[in-house]
Amino acid sequence: MKFGGTSVADAEAFERVAALVRRHEGVRPVVVVSAMSRVTDALLESVRVAGDGRALEASDALEEHFERHLEVARALLDEGVRGFFEAAVEETRREVGEALREVAAGERPRALMQDLVVSHGERLSATLLAAVLRGQGLRARYVDARLCIITDEHHGCATPLKDLTEARTREQLEPLIEAGEVPVLGGFIASSHAGETTTLGRGGSDYTAGLVGAALRAREIQIWTDVPGVLTADPRLVPEARTIPRLSYAEAAELAYFGAKVLHPKTILPAVVRNVPVRICDSRRRDAPDTLVFFDAEMTPRTVKAIACKGSIHIVHITSARMLGEHGFLRAIFEVFERHRTAVDIVTTSEVSVSLSLDDTSALEAIVEDLKPVGAVKVESNRAIVCIVGEGLRSTPGIAGRVFSTLKDINILLISQGASSINLTFVIEERHIPEVVRRLHAAFFECATAELLAHIGGSGRRET
Ligand code: ADP
Ligand code: ASP
Ligand code: MG
Numbered sequence: 000m001k002f003g004g005t006s007v008a009d010a011e012a013f014e015r016v017a018a019l020v021r022r023h024e025g026v027r028p029v030v031v032v033s034a035m036s037r038v039t040d041a042l043l044e045s046v047r048v049a050g051d052g053r054a055l056e057a058s059d060a061l062e063e064h065f066e067r068h069l070e071v072a073r074a075l076l077d078e079g080v081r082g083f084f085e086a087a088v089e090e091t092r093r094e095v096g097e098a099l100r101e102v103a104a105g106e107r108p109r110a111l112m113q114d115l116v117v118s119h120g121e122r123l124s125a126t127l128l129a130a131v132l133r134g135q136g137l138r139a140r141y142v143d144a145r146l147c148i149i150t151d152e153h154h155g156c157a158t159p160l161k162d163l164t165e166a167r168t169r170e171q172l173e174p175l176i177e178a179g180e181v182p183v184l185g186g187f188i189a190s191s192h193a194g195e196t197t198t199l200g201r202g203g204s205d206y207t208a209g210l211v212g213a214a215l216r217a218r219e220i221q222i223w224t225d226v227p228g229v230l231t232a233d234p235r236l237v238p239e240a241r242t243i244p245r246l247s248y249a250e251a252a253e254l255a256y257f258g259a260k261v262l263h264p265k266t267i268l269p270a271v272v273r274n275v276p277v278r279i280c281d282s283r284r285r286d287a288p289d290t291l292v293f294f295d296a297e298m299t300p301r302t303v304k305a306i307a308c309k310g311s312i313h314i315v316h317i318t319s320a321r322m323l324g325e326h327g328f329l330r331a332i333f334e335v336f337e338r339h340r341t342a343v344d345i346v347t348t349s350e351v352s353v354s355l356s357l358d359d360t361s362a363l364e365a366i367v368e369d370l371k372p373v374g375a376v377k378v379e380s381n382r383a384i385v386c387i388v389g390e391g392l393r394s395t396p397g398i399a400g401r402v403f404s405t406l407k408d409i410n411i412l413l414i415s416q417g418a419s420s421i422n423l424t425f426v427i428e429e430r431h432i433p434e435v436v437r438r439l440h441a442a443f444f445e446c447a448t449a450e451l452l453a454h455i456g457g458s459g460r461r462e463t
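Residue 0 is where the sequence shown starts when you use numbering that gives the first Met the number 0, and the numbers rise one by one after that.
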């Protein structure tokens, strides 16, 4: 059972989580928890401020968040246990202060110090949750996730070492589970082989849950969050979005990769390998619908299951007349991206040009330099990827027609379909995201509205 930051935002939220874990006591749960909401952002900001030489200011800004933890402790813990937790907060305050002073002094690599500082968010929330659960009669025990999840040394976005992680997770957790205890781990945090603290990338607690659930061959991996499962679109863009009851692993992975923040893109990977179903549930409403992700894909009558989108995309165009009838250009281009460890999402080619989309721009300048010998390079920014997902999409006539006729007055910059049978992906200007997602949602999921609009030739935007 993984609980996200908003599911542990305050005392009330902690109580709801405790009630949920208690309800599952009989099936031997393992709990993974994120830092309390906003805490990771605050810790990252503190490292930035300390990096400017202002360590004291950086520490002071964290007080508000330490206080939020103490407030939960005052509301939910008995006096004796509370003293123990207050001492843990005091120790955290001291360690974080020390680390921030080291950041200001610039003695050790920043990325390494940053992971160490942010790890305290999950360490505190998990320690607190274990104490709250114990206070409610559960035999909960805090486990340092850094003993379970072992990664490479790519600080900030480390890759777990599969076999070692599985072995360590089992070693640490199985004896506790056998003994009837409920292990409580912080998500997102891990350690390198050399024992340095690492993290799995923003939103990485979902991934921890995937890794732990797969290692233990869990009956189910449950991602408890602030929405009723995976919805047909991001509810912040489309309030009418509805819960999708079932998704295949492939559909869920595509949606997560192309921007559905509700699942970290790598969560599904370990689950697929070990055949563990993933369920996304609402921690706020007991009777809310949820989404089950598993192998079997059902083709819904409409085929399209969801719309995802991702902003801040860049497109790189490479043009060279020398490509005409020649070979080796794609290899030369992709070698550049490989050298700079940068993933490419969409690729389109013509006789004399190649266009690619990227969202990781940390190495963009160097990439552009290295591409210059291949051809003329042009970069467009402020673009967005929109992705329509559904099993069977490729073999269903009329989907692309419907998508692009719905968007006939919007400039479409790149299109990709067919590489996977389950998605249709295209690039637009970022400023069109809300309009495009709303129109597509109306066209595919709000049928009465869609038909009506087809008759009157409207846009699907709600004039409320
Ligand atoms: P947590 O803190 O529980 O990890 P996140 O904020 O990471 O929660 O993810 C949940 C959020 O994902 C939702 O509040 C919602 O705004 C966003 N989201 C984006 N796309 C979707 C989608 N298709 N279905 C559900 N939620 C989505
Ligand atoms: N606390 C981390 C973050 O905010 C990990 C997570 O919440 O999944 O990114
Ligand atoms: Mg998340």
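For glycine and all other residues, C-beta sits at the position ideal for the given N, C-alpha and C.
**Message:** I need the straight-line Cα distance from Ala10 to Thr126, nearest angstrom please.
**Reply:** As a working note, residue 10 is residue 11 in the sequence shown. As a working note, residue 126 is residue 127 in the sequence shown. C-alpha separation (whole angstroms): 14 Å.
**Asked** What do you reckon, is the C-beta of Leu423 under 7 Å from a heavy atom of the ligand ADP?
**Response** Numbered from its first residue, the sequence shown carries residue 423 at position 424. No.
**Message:** I want to check one thing, is the minimum distance from the CB of Lys260 to the heavy atoms of the ligand ADP below 7 Å?
**Reply:** Along the sequence shown, read from residue 1 onward, the residue named residue 260 stands at position 261. Indeed, a heavy atom of the ligand ADP lies less than 7 Å from the Cβ.
**Request:** Please check the pair Val315 and Val378, which I expect to be a contact at CB under 8 Å, by giving their CB distance rounded to whole angstroms.
**Result:** Here residue 315 refers to the residue found at position 316 of the sequence shown. Here residue 378 refers to the residue found at position 379 of the sequence shown. That pair is a contact at about 5 Å.
**Request:** Can you tell me the Cβ-Cβ gap for Ile464 and Cys308, rounded? I've got them flagged as a contact below 8 Å.
**Result:** Residue 464 lies beyond the range of the chain shown here (0 to 463); nothing can be said about it.
**Message:** Given this structure, state the Cα-to-Cα distance separating Ala362 from Val353, to the nearest angstrom.
**Reply:** The residue labelled residue 362 in the question sits at position 363 within the sequence shown. The residue labelled residue 353 in the question sits at position 354 within the sequence shown. Their Cα atoms are separated by approximately 19 Å.
**Prompt:** Is there contact between the region 210-225 and the region 249-256, where contact requires at least three CB pairs shorter than 8 Å?
**Reply:** no
**Prompt:** Where does Ile267 fall in DSSP's three states?
**Reply:** Stepping through the sequence shown from its first residue, residue 267 is reached at position 268. Here Ile267 sits in helix by DSSP.
**Asked** Hey, is Asp205 close to the ligand MG, as in C-beta under 7 Å from one of its heavy atoms?
**Response** As a working mapping, residue 205 is identified with position 206 in the sequence shown. Indeed, a heavy atom of the ligand MG lies less than 7 Å from the Cβ.
**Request:** Quick one: grab the DSSP three-state call for Ala157.
**Result:** Residue mapping note: residue 157 aligns to position 158 of the sequence shown, counting from 1. Reduced to three states, the DSSP call for Ala157 is coil.
**Asked** Would you report the Cα separation of Val183 and Val271, rounded to the nearest angstrom?
**Response** The sequence position of residue 183 within the sequence shown is 184, counting from 1. The sequence position of residue 271 within the sequence shown is 272, counting from 1. Cα-Cα distance, rounded: 23 Å.
**Prompt:** Do Gly185 and Cys156 have their CB atoms nearer than 8 Å?
**Reply:** Translated into the one-based positions of the sequence shown, residue 185 becomes position 186. Translated into the one-based positions of the sequence shown, residue 156 becomes position 157. Against a cut-off of 8 Å, the Cβ pair of Cys156 and Gly185 comes out as no contact.
**Message:** Would you say the beta carbon of Thr224 is closer than 7 Å to some non-hydrogen atom of the ligand ADP?
**Reply:** As a first step, residue 224 must be located in the sequence shown, where it is residue number 225. Yes; taking the cut-off as 7 Å, the Cβ of Thr224 has a heavy atom of the ligand ADP nearer than that.
**Asked** Should Arg145 go down as buried or exposed, given a rule of 16 or more other Cβ atoms within 10 Å for buried?
**Response** Working through the sequence shown from its first residue, we reach residue 145 at position 146. So Arg145 counts as buried.
**Request:** Quick one: which unbroken beta strand (DSSP E) runs of 3-plus residues sit fully inside the region 148-235? Chain order, please.
**Result:** 181-185, 188-191, 196-198, 220-224
**Item:** Beta-carbon proximity list for Ala54, same chain, < 6 Å, skipping 5 on both sides
**Value:** Translated into positions along the sequence shown, residue 54 becomes position 55. Taken in chain order, the residues that qualify are Leu99, Arg100, Ala103.
**Request:** Check the C-beta distance from Tyr206 over to His153 and give it rounded, since I have them as a contact under 8 Å.
**Result:** For the purposes of this step, residue 206 is taken as the residue at position 207 of the sequence shown. For the purposes of this step, residue 153 is taken as the residue at position 154 of the sequence shown. So it is not a contact: roughly 14 Å between Cβ atoms.
**Item:** Backbone CA spacing between Ile398 and Pro276 [nearest angstrom]
**Value:** As a working mapping, residue 398 is identified with position 399 in the sequence shown. As a working mapping, residue 276 is identified with position 277 in the sequence shown. Going by the C-alpha atoms only, they are around 29 Å apart.
**Asked** Whole beta strand (DSSP E) runs in the region 361-423 with 3 or more residues, listed along the chain?
**Response** 375-388, 413-416
**Asked** Going by DSSP, which residues form a beta bridge with Glu281?
**Response** Translated into positions along the sequence shown, residue 281 becomes position 282. Reading the sequence as shown, one finds Asp at residue 281 and not Glu. In DSSP, Asp281 forms a bridge with Thr224.
**Message:** Any heavy atom of the ligand ADP inside 7 Å of the beta-carbon of Thr39?
**Reply:** For the purposes of this step, residue 39 is taken as the residue at position 40 of the sequence shown. No; taking the cut-off as 7 Å, the Cβ of Thr39 has no heavy atom of the ligand ADP nearer than that.
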